[in-house]
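Numbers 52 to 201, taken from the working numbering, label the letters of the sequence shown in order. Positions of the beta carbon are idealized from the N, C-alpha and C atoms, including for glycine. For reference, the structure is listed below as structure tokens.
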Amino acid sequence: MNSELHSKLTLSPIDMEARRKLGFSSGDTVRVWVRVLEDAAKQKYRLQAFEGLVLARKHGSEPGASFTVRKVASGVGVERIFPLYSPMIGKIELVKRSTVRRSKLYYVREKAVRDVRRKMKQTRMGGGSTADFENTAAPEAPVEATPENA
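Written as structure tokens, this is what we have:
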């Protein structure tokens, strides 16, 4: 009787313990694989990657935990809020670690990506070496030819 009740209560299709132990925080670059419904009649899903900068993590590791990821696609900033324990997330990969001094990076919305990346302290995933990019100059943006400039 007790084992029958236990089997009915385990409904989660995800490994909550593994998601709880993910060590990413604000400033890190992550790749989130999201399950997207392709054919509603056949219930076919495919995985689609969304890679970007983590702006915020909210509510720690409790059941309602979420995180916000921002990327720039075709010159337009795109933000998505993902529930940490959502079954629609296939997996979460940590691409790059960065050390920042804020827990919420909402100021990034108004700044250029180049300026933000310069301020972050970058850490490579493989070697574990740390490089400080504060003093390096970023390349200049190309100037478009307009009738006034030509």
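Check, Outcome
"Assigned secondary structure, Asp-166 (DSSP; H/G/I helix, E/B strand, else coil)", "helix"
"Cβ-based burial, Val-123 [other Cβ within 10 Å; buried from 16]", "exposed"
"Identity of the residue in Tyr-157, Asp-166, Glu-144, Asp-90 nearest Thr-80 by Cα", "Glu-144"
"Met-171 burial status per 10 Å Cβ neighbour count (16 or more: buried)", "buried"
"Cβ neighbours of Gly-115 in the same chain (closer than 8 Å, five flanking residues each side left out)", "Pro-134"
"Which of helix, strand or coil DSSP assigns to Gly-178", "Unreliable positioning characterises Gly-178 in this predicted model, as indicated by a pLDDT of 46, which lies under 50. A coordinate reading is not provided."
"Pair within 7 Å by beta-carbon distance, Val-105 and Val-120", "yes"
"Beta-carbon separation (whole angstroms), Arg-153 vs Ser-77, contact threshold 8 Å", "7 Å"
"Sequence-distant residues of the same chain with beta carbon closer than 7 Å to Leu-88, five excluded per side", "Tyr-96"
"Cut-off 7 Å between Cβ atoms - residues of its own chain near Pro-64, not counting five sequence neighbours on either side", "Pro-138"
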